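Visitor: According to UniProt numbering, the sequence shown holds residues 1 to 450 in order. Shown below is the structure under consideration.
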Amino acid sequence: MGCFFYSREKNKNKNKKQSRSSPTLTVDKDDFRDEMSQKANRSCSLVVASSPRSILELYEERAHELRDFRLAELRSATGNFSRELKIGEGGFGSVYKGFLKTSCSHLGLRNDSGNVVVAVKKLNPNGMQGHKQWLAEVQFLAVVDHPNLVKLIGYCGTDDGEQGPQRLLVYEFMPNKTLEYHLFNKAYPTLPWKTRLSIALGVAKGLQYLHEGLEIQVIYRDLKSSNVLLDEEFRPKLSDFGLAREGPVDGQTHVSTAVMGTYGYAAPDYVETGRLTARSDVWSFGVVLLELLTGHRAFDRSRPRPDQKLVDWARRHPAGTRWFSRLPDPRLAGRYSHRAAQDVAALAWRCLTAPGSARPWRRRRGPWSALSGTASWMVPPSRRRRDRPRLLAATPAPAKKAATAKRRRMAHLAKLAAGASAAPAARRLVHMKMTKVAATCNAGTQHVET
Numbered sequence: 001m002g003c004f005f006y007s008r009e010k011n012k013n014k015n016k017k018q019s020r021s022s023p024t025l026t027v028d029k030d031d032f033r034d035e036m037s038q039k040a041n042r043s044c045s046l047v048v049a050s051s052p053r054s055i056l057e058l059y060e061e062r063a064h065e066l067r068d069f070r071l072a073e074l075r076s077a078t079g080n081f082s083r084e085l086k087i088g089e090g091g092f093g094s095v096y097k098g099f100l101k102t103s104c105s106h107l108g109l110r111n112d113s114g115n116v117v118v119a120v121k122k123l124n125p126n127g128m129q130g131h132k133q134w135l136a137e138v139q140f141l142a143v144v145d146h147p148n149l150v151k152l153i154g155y156c157g158t159d160d161g162e163q164g165p166q167r168l169l170v171y172e173f174m175p176n177k178t179l180e181y182h183l184f185n186k187a188y189p190t191l192p193w194k195t196r197l198s199i200a201l202g203v204a205k206g207l208q209y210l211h212e213g214l215e216i217q218v219i220y221r222d223l224k225s226s227n228v229l230l231d232e233e234f235r236p237k238l239s240d241f242g243l244a245r246e247g248p249v250d251g252q253t254h255v256s257t258a259v260m261g262t263y264g265y266a267a268p269d270y271v272e273t274g275r276l277t278a279r280s281d282v283w284s285f286g287v288v289l290l291e292l293l294t295g296h297r298a299f300d301r302s303r304p305r306p307d308q309k310l311v312d313w314a315r316r317h318p319a320g321t322r323w324f325s326r327l328p329d330p331r332l333a334g335r336y337s338h339r340a341a342q343d344v345a346a347l348a349w350r351c352l353t354a355p356g357s358a359r360p361w362r363r364r365r366g367p368w369s370a371l372s373g374t375a376s377w378m379v380p381p382s383r384r385r386r387d388r389p390r391l392l393a394a395t396p397a398p399a400k401k402a403a404t405a406k407r408r409r410m411a412h413l414a415k416l417a418a419g420a421s422a423a424p425a426a427r428r429l430v431h432m433k434m435t436k437v438a439a440t441c442n443a444g445t446q447h448v449e450t
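Now the structure itself:
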């Protein structure tokens, strides 16, 4: 599913004016550094000392942590961009698995026979991801640092002469590919219910960090299952920050921008007005939640027309009705908590509320806090009582454990006491019966002797 570009007529003139001052397609390394420093200097002169720093200022502070690769080095790492090492392809270009003959132990990267395993994204000069988006990805990924965001190791920007400008990005390698690959590739085992909820929680934490964990607010703008990478333990990491934007500042409520994103994931209020907020990301997160719950794509042309858009199809299967049983992914084969499925669906609908102001996004009311409560419903129901979900309960508090143990001891002692009091009575009854039998026998014996 490709990205789309949407712009109203009133935005066209604005974009034309901006295009005169936008960076050229020259990607010489010296020009790249000069361009970054010039932008940072301009932003510094316009920002009040008490204001939060811009992404360019933050980039200047951490740019030294990125490595500036030579094109020959990346060619060697990927076998001259061998087809055998290609692990992904799209409108932006191709992604290759690479082996760097260098030490990157400080980055905590995987090591394969002395070589550091990386992912190298080689952008197509004529592809959808242009120089501006390439610069944005370098800037944002140099600044962010979170377990649920992919780590950018370095970049390469040069002019190859015959092949023209070359733009490449080097990331940490994610061995389990993307969430999209595991949800919709029928050749692979289905993702277990617990893993799905764990992925949803990780994605929510990554969004929370972007929205509230930095000096500035970052709006991701392109959350979708194909941009959620999975490491060796299926921990999710958000990738592809080419469309990311700084959030509103100085009391503004939104950022006005040309609409870009992926059809089926973009919030309708953003598409209609071009007003971008953090709640636009929350809508996209709600769509990803539905994908995790149902196993259906956000938009699938192979389905009947009324069912092509996942949000429209899912709305016809509300929780609490007999239709809801058709909503969860049939590949799960019932191995999930029914109550948890309803909770996840309810959270998705909160994220997919039409008025953007009604969507949860702050720390205390956002999807991340709601999912933390839902995490206790990860385990499937027991086999004997399929209609009631079994909790993956958290470890009880010490006081609760003590009270439970006391109740068990009291019940056990009561049972022992009842047994102890019943034993003498039973013995007396047996003794009386034996005495009666003995008396009867003695009376019979005396009668015979007489």
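Even for Gly, the Cβ is constructed at its ideal location relative to N, Cα and C. From a predicted model like this one, the values you see are computed outputs, not experimental measurements.
Is N185 helix, strand or coil when you go by DSSP?
Guide: Taking the first residue of the sequence shown as position 1, residue 185 is located at position 185. Three-state DSSP puts N185 in coil, outside helix and strand.
Visitor: Tell me which residues share the same chain as F81 and place their Cβ nearer than 7 Å to its Cβ, disregarding the 5 neighbours each side in the sequence.
Guide: Within the sequence shown, residue 81 is the residue found at index 81, counting from 1. Cβ within range, chain order: R75, Y96, K122.
Visitor: Report the three-state DSSP secondary structure of R75 (helix, strand or coil).
Guide: Start at 1 with the first residue of the sequence shown, and residue 75 comes out as number 75. Three-state result, R75: helix.
Visitor: Can you name, in chain order, every residue of its own chain whose Cβ lies under 6 Å from the Cβ of T195, other than the five neighbours on each side?
Guide: On the sequence shown, position 195 is the one that residue 195 refers to. Answer for T195: F234, listed in chain order.
Visitor: Name the two residues that bound the continuous beta strand (DSSP E) containing F99.
Guide: Taking the sequence shown and counting its residues from 1, one reaches residue 99 at position 99. That run of the beta strand (DSSP E) goes 93 to 100.
Visitor: Per DSSP, G154 is paired with what?
Guide: On the sequence shown, residue 154 is found 154 positions in, with the first residue counted as 1. Answer by DSSP bridge pairing, in chain order: R67, V170.
Visitor: Check A346 in the structure and name its three-state DSSP category.
Guide: Sequence index remark: in the sequence shown, residue 346 carries index 346 (1-based). Note: A346 maps to helix in three-state DSSP.
Visitor: Considering just the uninterrupted stretch of the alpha helix (DSSP H) at E89, what are its terminal residues?
Guide: Numbered from its first residue, the sequence shown carries residue 89 at position 89. Premise fails: E89 lies in the beta strand (DSSP E), 86 to 90, not in any alpha helix (DSSP H).
Visitor: Taking the alpha-carbon of E60 as reference, which of H131, V138, F99, G90 has the nearest alpha-carbon?
Guide: As a first step, residue 60 is located in the sequence shown; it is residue number 60 there, counting from the start. Among H131, V138, F99, G90, the Cα nearest to that of E60 belongs to V138.
Visitor: Which residues share a DSSP beta bridge with K121?
Guide: Within the sequence shown, numbered from 1, the residue matching residue 121 stands at position 121. Beta-bridge pairing links K121 to V95, L169.
Visitor: Is the distance from the Cβ of P328 to the Cβ of T353 below 8 Å?
Guide: Taking the sequence shown and counting its residues from 1, the one referred to as residue 328 is at position 328. Taking the sequence shown and counting its residues from 1, the one referred to as residue 353 is at position 353. Not in contact: P328 and T353 (Cβ atoms no closer than 8 Å).
Visitor: Let's see if you can read the secondary structure: which residues bound the beta strand (DSSP E) around K224?
Guide: Counting from one through the sequence shown, the residue named residue 224 turns up at place 224. Where K224 is concerned, there is no enclosing beta strand (DSSP E), given that its DSSP letter is neither H nor E.
Visitor: With distances taken Cα to Cα, identify the nearest neighbour of F241 among E232, K224, H254, D250.
Guide: As a position in the sequence shown, residue 241 is number 241, starting the count at 1. It is K224 whose Cα lies nearest to the Cα of F241.
Visitor: Using a Cβ-Cβ cutoff of less than 7 Å, which residues in the same chain neighbour T78 once the five nearest sequence positions on both sides are dropped?
Guide: On the sequence shown, position 78 is the one that residue 78 refers to. Counting only Cβ-Cβ distances below 7 Å, and skipping sequence neighbours, we find L85, Y96, G98, V120.
Visitor: Could you have a look at T404 and say whether DSSP puts it in helix, strand or coil?
Guide: For the purposes of this step, residue 404 is identified with residue 404 of the sequence shown, where counting begins at 1. If DSSP states are grouped into helix, strand and coil, T404 belongs with the helices.
Visitor: Ignore the nearest five residues each way along the sequence and tell me which others in I87's own chain have a CB closer than 8 Å to its CB.
Guide: Within the sequence shown, the letter at position 87 stands for residue 87. Contacts found: V95, Y96, K97, A119, K177.
Visitor: I want to know whether the segment 137 to 157 touches the segment 196 to 215 - three or more CB-CB distances under 8 Å.
Guide: With the cut-off at 8 Å, the segment 137 to 157 and the segment 196 to 215 touch.
Visitor: Can you pull the DSSP bridge partners for E246?
Guide: Residue numbering aside, residue 246 sits at position 246 when the sequence shown is read from its first letter. Beta-bridge pairing links E246 to V218.
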